[in-house]
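Number of protein chains: 2
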Amino acid sequence: MSLTILRSYALKTDPSTLPPTILFSHDDHHLVVFDAFPKGIFHFLLLPRVQEPFSTADLSNLRSLLKCDRDSVKATLEQWKEDAKVVVKDIEDEMVRRYGFKWDIWVGFHAVPSMEHIHLHIVSSDLCSEKLKHKKHYNSFHPKLGFFLHLDEVLSWFDTESDSYFATMAKLDKHKYEALLKEDLSCWRCGLSQKNMPTLKAHLQTEFDELTKKEKAKQARKRKFVEKQTASSEAQEVSKKPKASTSSDHEAEE
Amino acid sequence: MSLTILRSYALKTDPSTLPPTILFSHDDHHLVVFDAFPKGIFHFLLLPRVQEPFSTADLSNLRSLLKCDRDSVKATLEQWKEDAKVVVKDIEDEMVRRYGFKWDIWVGFHAVPSMEHIHLHIVSSDLCSEKLKHKKHYNSFHPKLGFFLHLDEVLSWFDTESDSYFATMAKLDKHKYEALLKEDLSCWRCGLSQKNMPTLKAHLQTEFDELTKKEKAKQARKRKFVEKQTASSEAQEVSKKPKASTSSDHEAEE
DNA sequence: TATTCCGATAGTGAC
DNA sequence: GTCACTATCGGAATGAG
Chain A
0 MSLTILRSYA LKTDPSTLPP TILFSHDDHH LVVFDAFPKG IFHFLLLPRV QEPFSTADLS
60 NLRSLLKCDR DSVKATLEQW KEDAKVVVKD IEDEMVRRYG FKWDIWVGFH AVPSMEHIHL
120 HIVSSDLCSE KLKHKKHYNS FHPKLGFFLH LDEVLSWFDT ESDSYFATMA KLDKHKYEAL
180 LKEDLSCWRC GLSQKNMPTL KAHLQTEFDE LTKKEKAKQA RKRKFVEKQT ASSEAQEVSK
240 KPKASTSSDH EAEE
Chain B
0 MSLTILRSYA LKTDPSTLPP TILFSHDDHH LVVFDAFPKG IFHFLLLPRV QEPFSTADLS
60 NLRSLLKCDR DSVKATLEQW KEDAKVVVKD IEDEMVRRYG FKWDIWVGFH AVPSMEHIHL
120 HIVSSDLCSE KLKHKKHYNS FHPKLGFFLH LDEVLSWFDT ESDSYFATMA KLDKHKYEAL
180 LKEDLSCWRC GLSQKNMPTL KAHLQTEFDE LTKKEKAKQA RKRKFVEKQT ASSEAQEVSK
240 KPKASTSSDH EAEE
């Protein structure tokens with residue numbers, strides 16, 4: 000696999016020439032592509048197109064980007080955040096369509112990427128995927144380990160008076176972050192340590208199955224609640240008292 | 000596999016009850032068994048039977064044996080050397096029968112064995128075998144590395160005035176010898192270092208093939224030499240001068 | 001250094 | 001931290017009665 004494939008996508012004059020198996024969406028500022036090796040049920044990459052004020056080299060990775068003009072970078076990251084929200088919404092719609100419920104979606108960067116051209120991961124928190132094979136795969140997406148840098152976390156680096164704090168964070172020391180990938184396996188959700196990858200993967204599947212079960216139960220309760228409301232409403236109607244309403248966004252109590 | 004299987008063989012009241020796939024030969028003092036995982040074309044184990052003056056524990060391994068009365072041990076090892084010679088002769092006969100020539104056979108101990116009951120390896124120097132799979136397999140038989148202790152080498156430890164030298168050698172420090180098994184791979188014959196086991200195994204096969212070719216050529220030369228002698232002898236006979244003889248043991252010049 | 005099974009680890013090559 | 005391939009390294013169980 001080419002280490003510059005993402006850059007070649009981002010440099011496309013006309014992204015729509017990319018096949019739909021690769022390209023999810025695009026506009027003047029970015030492309031969203033399907034991760035070729037999704038580490039969760041949903042996994043996209045947001046690729047900024049090369050344009051002012053940044054050069055191809057600036058957009059090589061997060062570290063190179065953070066060396067650019069601080070205000071420009073902050074504005075850009077905030078724009079990406081908005082762009083990612085659209086993708087997240089699309090994913091959530093698809094979650095509901097396919098699974099009947101929504102679950103967390105993480106948006107962030109790898110502290111030390113292997114492929115050229117900065118790419119913002121948009122990945123569902125199930126982490127259930129055949130392509131998630133190695134410890135480094137898992138640890139690179141563990142939301143609390145430190146290697147996965149949530150976009151909001153990176154944006155928070157800008158919210159400080161201290162230049163030195165920003166500089167420290169922006170350093171992204173390769174050696175330090177790579178060490179994180181060798182940490183012992185533990186479930187990001189329940190914290191239980193896992194002996195090896197097959198065990199971890201089975202556990203992640205169990206967690207997702209249990210989440211599914213809970214959500215189904217929640218919806219069953221919700222349905223019953225709605226039915227009751229409806230029955231009550233009809234009863235009211237029978238007793239000639241209209242006005243009770245049910246919201247389709249209503250969430251049953253946890 | 001049981002780690003005490005060899006001991007169970009050695010303790011057999013009647014070794015001949017062992018199947019011929021396991022037992023090669025035996026007498027009052029020892030059994031010779033086929034190594035279940037031969038690391039060369041020929042690979043036998045000489046197992047001493049448990050008898051005076053040694054206990055089962057004394058015969059656990061070379062280290063335990065060398066703690067016993069020095070003269071008794073020396074005499075015993077010398078006996079084993081004689082016993083092994085018979086096996087070596089049998090192997091050489093089979094080499095000639097199957098391959099048309101003989102090659103080196105090594106007789107010695109592993110400095111740190113894994114299986115209970117001392118076993119003297121009698122193994123052909125080709126080291127061509129499907130069962131030779133790992134670096135530790137190869138290094139444990141490398142004749143110059145130090146882990147394989149040739150019987151003559153062990154006997155030489157007894158040929159010194161110095162008790163401390165003997166004591167030092169007899170210690171057989173596990174940690175020190177185990178480290179040898181991790182040494183880089185190199186051909187014991189030509190010294191060339193080998194990158195990995197598949198490479199080494201291919202190289203060993205090549206070495207053996209070349210040895211075979213050389214021996215065949217040697218024999219062709221020898222045959223020609225014999226034919227010449229015979230022709231000469233016949234010529235002499237024609238010219239009425241008998242007496243030229245050919246030795247079947249004659250080796251053509253290298 | 002008994003084997004075998006499983007899995008982690010390490011190096012490479014990829015156009 | 002791209003993957004896929006190959007090989008090595010590392011632990012654990014192993015059997016028999």
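Residue numbers (numbering that gives the first Met the number 0), protein chains in the order written: chain A, 0 to 253; chain B, 0 to 253.
Built from N, CA and C at the ideal position, the CB exists for glycine as well.
In three-state DSSP terms, what is residue i?
i: P14(A); result: helix
i: L150(B); result: helix
i: L203(A); result: helix
i: V72(B); result: helix
i: Q228(B); result: helix
i: Q78(B); result: helix
i: H133(B); result: coil
i: P47(B); result: strand
i: V85(A); result: helix
i: L179(A); result: helix
i: F41(A); result: coil
i: F254(B); result: With chain B covering 0 to 253 only, the question about residue 254(B) has no answer from this structure.
i: L119(A); result: strand
i: S113(A); result: coil
With 16 other CB atoms within 10 Å as the buried threshold, where does residue i fall?
i: E177(B); result: exposed
i: A234(A); result: exposed
i: E226(B); result: exposed
i: K38(A); result: buried
i: D57(A); result: buried
i: T16(B); result: exposed
i: L191(A); result: exposed
i: S123(A); result: buried
i: A9(B); result: buried
i: V85(A); result: exposed
i: E51(A); result: exposed
Closest to residue i by CA distance: which of the options is it?
i: K143(B); options: L180(B), L65(B) and R48(B); result: L180(B)
i: S63(A); options: K170(A), D162(A) and W102(A); result: K170(A)
i: D103(B); options: D92(B), L45(B) and K135(B); result: D92(B)
i: K215(A); options: S139(A), Y98(A) and S231(A); result: Y98(A)
i: K173(B); options: V87(B), D27(B), L5(B) and H109(B); result: H109(B)
i: N138(A); options: W156(A), D151(A) and P112(A); result: P112(A)
i: A35(A); options: H29(A), V49(A), H25(A) and P19(A); result: P19(A)
i: H202(A); options: D125(A), P47(A), T229(A) and M114(A); result: D125(A)
i: L45(B); options: N195(B), V87(B) and R96(B); result: V87(B)
i: F43(A); options: D57(A), D13(A) and A83(A); result: A83(A)
i: K134(A); options: G190(A), L17(A), K200(A) and D89(A); result: K200(A)
i: H136(A); options: C189(A), D162(A), S59(A) and M196(A); result: M196(A)
i: D13(B); options: I4(B), D26(B), T75(B) and S1(B); result: D26(B)
i: D162(B); options: D68(B), F100(B), K11(B) and Y8(B); result: D68(B)
i: L119(B); options: Q50(B), V153(B) and P52(B); result: V153(B)
i: I4(A); options: S59(A), R96(A), W156(A) and P52(A); result: S59(A)
i: F146(A); options: I90(A), K175(A), K130(A) and S155(A); result: K175(A)
Note down the Cα distance separating residue i from residue j, rounded to an integer number of angstroms.
i: E253(B); j: E182(B); result: Bear in mind that the predicted position of E253(B) carries a pLDDT of just 40, short of 50, making it unreliable; the figure below should be weighed with that in mind. The straight-line gap from Cα to Cα measures roughly 34 Å.
i: Y164(A); j: I121(A); result: 27 Å
i: T55(B); j: T198(A); result: 44 Å
i: S224(A); j: T211(A); result: The amino acid occupying residue 224(A) in the given sequence is Phe; Ser does not appear at that position. Spanning the two alpha carbons is a distance of roughly 20 Å.
i: L148(B); j: T159(B); result: 17 Å
i: K117(A); j: K80(A); result: In the sequence as displayed, the identity of residue 117(A) is Ile instead of Lys. Taking the straight line from one Cα to the other gives about 14 Å.
i: G107(A); j: S128(B); result: 53 Å
i: L61(B); j: K194(A); result: 39 Å
i: L287(B); j: Q78(B); result: Outside the displayed range of chain B (0 to 253) lies residue 287(B), so it cannot be described from this structure.
Whole-angstrom Cβ separation of residue i and residue j, contact assumed at under 8 Å?
i: F23(B); j: V31(B); result: 4 Å
i: R6(B); j: H29(B); result: So it is not a contact: roughly 14 Å between Cβ atoms.
i: M114(A); j: L184(A); result: Their Cβ separation, rounded to whole angstroms, is 24 Å, which puts M114(A) and L184(A) out of contact at 8 Å.
i: H141(A); j: W187(A); result: 5 Å
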